Structures are given as C-alpha cells and as structure tokens.
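Heads up: the sequence shown begins at 1 in full-length UniProt numbering, then just goes up one per residue. Glycine residues also receive a C-beta, built at the ideal position from the N, C-alpha and C atoms. Since the structure is predicted, the reported quantities are computational estimates derived from the model, not experimental observations. Notes follow the structure.
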Amino acid sequence: MNQDRQWAREAIRTIEADFQRCADTHLIPVSLPGLPGVELYFKDESSHPTGSLKHRLARSLFLYALCNGWLKSGSPVIEASSGSTAVSEAYFARLLGLPFIAVMPASTSPAKIEQIAFYGGQSHLVQDPTQIHTESERLARETGGHFMDQFTYAERATDWRANNNIAESIFQQLRFERHPEPSWLISSPGTGGTTATLGRYVRYRQHNTRVLCADAEQSVFFDFYLSGDASLRLDCGSRIEGIGRPRVEASFLPKVIDAMVKVPDALSLAAMHYLAQSMGRRVGGSSGTNLIGALIAAQHMVANGESGSIVAILCDGGERYATTYYDAQWLKAQGYELEGLIAAVKACVEQGVALPEGVLREGI
Ligand SMILES: *Cc1c(COP(=O)(O)O)cnc(C)c1O
Numbered sequence: 001m002n003q004d005r006q007w008a009r010e011a012i013r014t015i016e017a018d019f020q021r022c023a024d025t026h027l028i029p030v031s032l033p034g035l036p037g038v039e040l041y042f043k044d045e046s047s048h049p050t051g052s053l054k055h056r057l058a059r060s061l062f063l064y065a066l067c068n069g070w071l072k073s074g075s076p077v078i079e080a081s082s083g084s085t086a087v088s089e090a091y092f093a094r095l096l097g098l099p100f101i102a103v104m105p106a107s108t109s110p111a112k113i114e115q116i117a118f119y120g121g122q123s124h125l126v127q128d129p130t131q132i133h134t135e136s137e138r139l140a141r142e143t144g145g146h147f148m149d150q151f152t153y154a155e156r157a158t159d160w161r162a163n164n165n166i167a168e169s170i171f172q173q174l175r176f177e178r179h180p181e182p183s184w185l186i187s188s189p190g191t192g193g194t195t196a197t198l199g200r201y202v203r204y205r206q207h208n209t210r211v212l213c214a215d216a217e218q219s220v221f222f223d224f225y226l227s228g229d230a231s232l233r234l235d236c237g238s239r240i241e242g243i244g245r246p247r248v249e250a251s252f253l254p255k256v257i258d259a260m261v262k263v264p265d266a267l268s269l270a271a272m273h274y275l276a277q278s279m280g281r282r283v284g285g286s287s288g289t290n291l292i293g294a295l296i297a298a299q300h301m302v303a304n305g306e307s308g309s310i311v312a313i314l315c316d317g318g319e320r321y322a323t324t325y326y327d328a329q330w331l332k333a334q335g336y337e338l339e340g341l342i343a344a345v346k347a348c349v350e351q352g353v354a355l356p357e358g359v360l361r362e363g364i
C-alpha cells in the first residue's frame with residue numbers, strides 16, 4: 001500500500017475513533033398545550049463537541065474527501081465559510097494534523113476568527129464577499145491543498161441510507177414514543193444538506209413522514225422551490241445565521257422536500273426567544289425558524305383532526321449570539337420589535353392561536 005493510502009487509512013481510523021467517543025445528541029420534548037394531539041421534539045445538535053449540526057457535516061466531508069483520495073498528509077484543507085462549518089472543520093483538521101484555512105469576508109466577527117484559531121485554524125479574509133469561492137479555489141491550487149466546498153458536497157457526503165445519520169438517529173430515539181413515525185420533520189436550509197438527508201432517508205425507508213423546509217426572509221431557496229429558477233440572486237446576506245442564501249446552492253435538493261415555508265426574520269427571532277424561555281437555555285436563530293415551521297405543521301394537523309409527532313432541528317446554542325440576537329440594544333439598533341411577536345408565538349404554543357400573517361407557504 002502506498003504512503004498516501006496508508007496515511008488516509010490512519011486518518012479514517014482517527015475520525016472513527018473520535019466518533020466512537022462521542023455520544024448521540026438528545027431528542028428533547030417541547031410541550032404544545034394549545035395544540036392537543038401533537039407531540040413536538042427538538043433534535044439538539046448544539047451538544048456536539050463543536051456546538052452545532054455542522055459537526056456532522058464536517059465529519060462527513062472529511063470522510064468523503066479521505067475516501068476519494070483528496071486529502072494528503074501535510075497539505076492544507078480550505079473552506080469558504082464565515083460560520084459554524086469552518087469551526088467544525090478546524091476541529092477535524094486539527095484531529096488529523098492538517099493545516100486549515102477558512103476563507104471569509106473581512107466583515108466576519110473577531111469572535112468567529114477566535115473560535116477557528118482556537119482549533120488551530122487560520123483565517124484568510126477577503127474584501128469582496130462574493131469572491132470567497134474563487135479565492136478558496138485559488139488558495140487550494142497554489143498551496144496544493146483541498147477546497148472542501150460545503151455548498152456543493154454537503155448533500156452527497158452524508159450516508160443518507162443510514163450509518164447513524166441525523167435521520168436514522170431521530171427514528172431510533174422515537175422508538176418508544178406514542179407516535180414513533182413522525183408526521184413531519186422540520187429543517188431549515190443553509191447548504192441544504194440536512195434537509196436532503198432527511199428527505200432521502202424517509203423515502204428510502206418508505207416512511208409516511210413528510211419533510212418541511214423553513215427558509216429565512218433574505219434567501220432565494222423558497223422562490224427557487226416555487227419557480228425552479230436556479231439563476232435567482234440576492235445582493236444581501238441572510239440575517240439568520242447559518243440559513244438562507246443569496247444564490248441557489250447545489251446541495252439544496254427541492255424534489256425531496258414535501259412542503260416549504262418562508263419565515264419573516266423578526267418572527268424567527270421571536271420564536272427563538274420563546275423557545276429559549278421555555279427550554280431554560282439559549283438557542284440560535286435558525287432553531288426559532290424551525291419552531292415556526294413546526295407550529296405551522298402542528299396547526300395544520302390540529303385543523304385536520306390528526307394526531308402525531310413532529311421533530312424539528314435545534315441547530316446550535318445561543319451562546320454565540322449573546323451580543324446580537326440576545327442583546328436588547330442590538331435588536332433595537334437593527335429595528336426589531338419582538339415583544340408582540342414573542343407573545344404571539346406563546347399564544348400559538350399555549351392556546352393554539354393562529355400565528356401572525358406573513359409566513360409564506362407551499363405544499364401545506
Ligand atoms: C448550517 C446551519 C443550518 C442549516 O443546515 P444545512 O444542513 O447546511 O442546510 C441551520 N442552522 C445553523 C446554525 C447552521 O449553521
């Protein structure tokens with residue numbers, strides 16, 4: 001066996017050993033007294049070692065790259081990311097002793113750069129945020145490294161049939177519940193990878209479960225779902241970190257999604273605050289988006305006289321957003337008025353009152 005293959009074998013063993021040391025993430029019930037007959041659970045991805053669902057993605061991307069022969073001892077791994085993917089990939093790069101470079105817009109917060117540096121990663125800042133992809137390719141070429149490219153490979157790097165992916169884990173954990181086959185799985189799209197895994201898995205296993213994808217306000221995914229127009233573009237980024245994209249990404253697979261909603265950002269943040277209050281700990285903004293998706297599915301079930309279960313993804317914790325989403329001054333400066341909306345989310349959960357207008361829906 002040549003040296004590269006021997007190195008890759010040891011690298012795969014190292015990642016598998018790390019996986020073996022990790023426990024699965026929790027499935028946490030959240031009660032819906034106003035929506036009788038519906039059991040809601042959040043799959044808590046904040047409990048991974050690097051704090052978000054991107055831990056699964058990073059592990060899958062590294063294994064995929066290793067099994068494809070794309071990684072070599074000593075050559076850098078490069079990613080275009082200003083968020084949790086870079087943090088999780090830095091963790092795995094360190095595990096394998098590989099240099100890691102995150103290519104990010106110059107506006108990226110110092111806290112993110114610090115987190116990446118904590119895992120030994122380097123940050124390469126570019127002035128023009130639209131250039132991070134091109135710059136990553138250039139760096140990979142010039143350093144002999146490998147550009148991971150999460151937005152292309154997220155959907156194919158994960159074993160969607162099983163292998164303890166997020167979908168299989170959810171179904172395992174529901175086994176002894178009143179409704180072990182959920183009526184709905186709720187996820188929100190960043191790369192679209194998580195939604196793709198959920199959608200493929202329920203089809204492959206012939207479940208009746210439907211997948212609802214909840215998009216952010218400043219994002220093209222919902223409009224692409226309606227029109228099929230892959231050339232859609234926005235000139236601004238999403239305000240809900242981790243989800244919503246200004247262009248259609250290759251990993252977003254509309255055909256495995258059964259229903260889609262588009263949630264106004266203020267309502268997502270209100271739902272995030274309500275969820276944090278009811279769980280007793282802070283969660284990220286996209287978990288709020290998912291709560292709204294879950295409530296819409298739940299109201300639909302109640303209206304149709306159905307009972308059953310719903311599982312939504314809790315994508316990351318709220319510690320990283322202490323100075324933004326959880327800071328009253330910051331919210332005010334951004335023009336958010338959340339009090340009334342938080343009360344509306346509470347009224348929906350606790351009394352079954354319809355959510356405020358403004359959520360766009362397709363397929364539900
Ligand atoms: C990436 C991300 C998502 C979306 O997951 P994808 O699998 O990339 O679609 C949601 N929330 C947070 C916080 C994320 O970082």
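8 Å contact criterion, which residue i and residue j should meet: CB distance rounded
| i | j | result |
| --- | --- | --- |
| valine 359 | valine 38 | About 18 Å separates the two Cβ atoms, so there is no contact after all. |
| leucine 341 | leucine 267 | 6 Å |
| aspartate 316 | glutamate 45 | 7 Å |
| alanine 167 | threonine 197 | 6 Å |
| phenylalanine 147 | alanine 140 | 4 Å |
| glycine 83 | valine 349 | Contact flag wrong, Cβ pair sits at about 28 Å. |
| serine 219 | serine 238 | 5 Å |
| isoleucine 243 | serine 307 | Contact doesn't hold; Cβ gap of about 29 Å is too wide. |
| alanine 259 | arginine 203 | With 8 Å as the limit, alanine 259 and arginine 203 do not qualify as a contact, their Cβ atoms being about 15 Å apart. |
| arginine 282 | glycine 335 | With a Cβ gap of about 22 Å, arginine 282 and glycine 335 do not count as contacting. |
| histidine 273 | leucine 355 | Contact doesn't hold; Cβ gap of about 15 Å is too wide. |
Distance between residue j and residue i (C-alpha atoms, nearest Å)
| i | j | result |
| --- | --- | --- |
| valine 256 | tryptophan 184 | 13 Å |
| alanine 138 | histidine 48 | It should be pointed out that residue 138 corresponds to arginine in this sequence rather than to alanine. Straight-line Cα distance between these residues: approximately 32 Å. |
| glutamate 217 | isoleucine 101 | 30 Å |
| tyrosine 41 | leucine 314 | 9 Å |
| proline 189 | arginine 5 | 35 Å |
| serine 52 | proline 36 | 31 Å |
| glycine 121 | threonine 323 | 23 Å |
| proline 246 | phenylalanine 222 | 11 Å |
| valine 77 | tyrosine 64 | 13 Å |
| asparagine 304 | alanine 328 | 39 Å |
| cysteine 67 | alanine 343 | 50 Å |
| threonine 195 | phenylalanine 252 | 8 Å |
| glycine 97 | glycine 74 | 7 Å |
| residue 372 | glutamine 115 | Because the chain is modelled from 1 through 364, residue 372 falls outside the range shown and cannot be assessed. |
| alanine 106 | alanine 86 | 15 Å |
| phenylalanine 171 | alanine 298 | 19 Å |
| tyrosine 201 | serine 309 | 17 Å |
| alanine 157 | histidine 26 | 23 Å |
Unbroken beta strand (DSSP E) run spanning residue i, endpoints
| i | result |
| --- | --- |
| proline 110 | Note, proline 110: premise wrong, no beta strand (DSSP E); alpha helix (DSSP H) at 110-118. |
| proline 30 | Note on residue identity: the sequence assigns valine, not proline, to residue 30. 27-30 is the extent of the beta strand (DSSP E) around valine 30. |
| cysteine 213 | 210-215 |
| proline 102 | It is alanine, not proline, that sits at residue 102 in the sequence shown. Note, alanine 102: beta strand (DSSP E), 100-105. |
Boundaries (first-last residue) of the alpha helix (DSSP H) holding residue i
| i | result |
| --- | --- |
| lysine 332 | 328-333 |
| methionine 279 | 265-279 |
| methionine 301 | 285-303 |
| serine 187 | Unbroken run through serine 187 is the beta strand (DSSP E), 184-187; no alpha helix (DSSP H). |
| residue 373 | Residue 373 cannot be examined here, being either before or after the span of the chain that is shown, 1 to 364. |
Buried/exposed call for residue i, threshold 16 Cβ in 10 Å
| i | result |
| --- | --- |
| lysine 332 | exposed |
| aspartate 24 | exposed |
| glutamine 206 | exposed |
| proline 29 | exposed |
| aspartate 265 | buried |
| glutamate 182 | What sits at residue 182 in the sequence shown is proline, not glutamate. That one is buried. |
| aspartate 229 | exposed |
| phenylalanine 19 | exposed |
| arginine 1 | Strictly speaking, residue 1 in this sequence is methionine, with arginine absent from that position. Answer is exposed; the Cβ neighbour count stays below 16. |
Which residues DSSP lists as bridging residue i, in chain order
| i | result |
| --- | --- |
| aspartate 44 | Leu314 |
| cysteine 22 | Bridge partners of cysteine 22: none, in fact. |
| lysine 346 | Beta-bridge pairing links lysine 346 to no other residue. |
| arginine 361 | Val261 |
| glutamine 122 | Ile101 |
| phenylalanine 147 | Ile78 |
| arginine 156 | DSSP output for arginine 156 lists no bridge partner at all. |
| glutamate 339 | The partner list for glutamate 339 (beta bridge, DSSP) is empty, contrary to what the question assumes. |
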